[in-house]
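Everything on this sheet refers to the single structure shown next.
In this note's numbering, the protein residues as written are 1166 to 1326.
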């Protein structure tokens, strides 16, 4: 038996205004779109905004449905839109925020969303920076989506079946 350690490097930014100017705009867009979330069942509005390589910004929020689990998370809402409409353009950054989070730290994407972000990163062959933001508190900045899902399901798993 071998014990191994996994280390995850990220930046912890204390205040929103300490982020880079472009990242602040992206987080503010995520906050704005979270306010338009359809989340009457969880009362947990989440917003996600992506910055494309072209400089365009797109945003999405969580969309719940009484027939759970047929709703979608904010991250997948915006990522599916971007991939459907701009399949050949790269995503540079995604910012994610939750409005009613009570945790002391920023909320992270669910496993489904982490997998989708990682696969988009693998497909575009370049990293997607991930910013997790908590209102009135700090942000966590990861230079690659692979960092938040180090054991992602990938094409090597399928090729080795």
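Just so you know, even glycine gets a beta-carbon here, dropped at the ideal spot from N, CA and C.
Shown here, residue 1287 sits in a helix according to DSSP, grouped into three states. Assigned with DSSP and collapsed to three states, residue 1175 falls in coil, not helix or strand. Pairwise C-beta distances place the region 1243-1258 in contact with the region 1219-1226, as three or more of them are shorter than 8 Å. Contact check for residue 1213 against residue 1261 passes: the beta carbons are separated by less than 8 Å. Annotation for residue 1229: 1203, 1204, 1205, 1206, 1207, 1236 place their beta carbon closer than 7 Å to its own, counting only its chain and skipping 5 residues before and after. Excluding five sequence positions before and after residue 1180, the CB atoms of its chain that fall closer than 8 Å to its own CB belong to 1303, given in chain order. Just so you know, the alpha carbons of residue 1171 and residue 1312 end up roughly 10 Å apart. A straight line joining the alpha-carbon of residue 1284 with that of residue 1166 spans about 31 Å. In this structure residue 1305 does not touch residue 1209 by the C-beta definition: roughly 19 Å separates them, more than the 8 Å allowed. The region 1264-1275 makes contact with the region 1294-1301: 3 or more CB pairs, one atom from each, lie closer than 8 Å. In this structure, DSSP gives residue 1306 an extended state, which the three-state scheme calls strand. The C-alpha of residue 1168 is placed about 43 Å away from the C-alpha of residue 1232. Partner residues in the beta bridge of residue 1237, as assigned by DSSP, are 1228.
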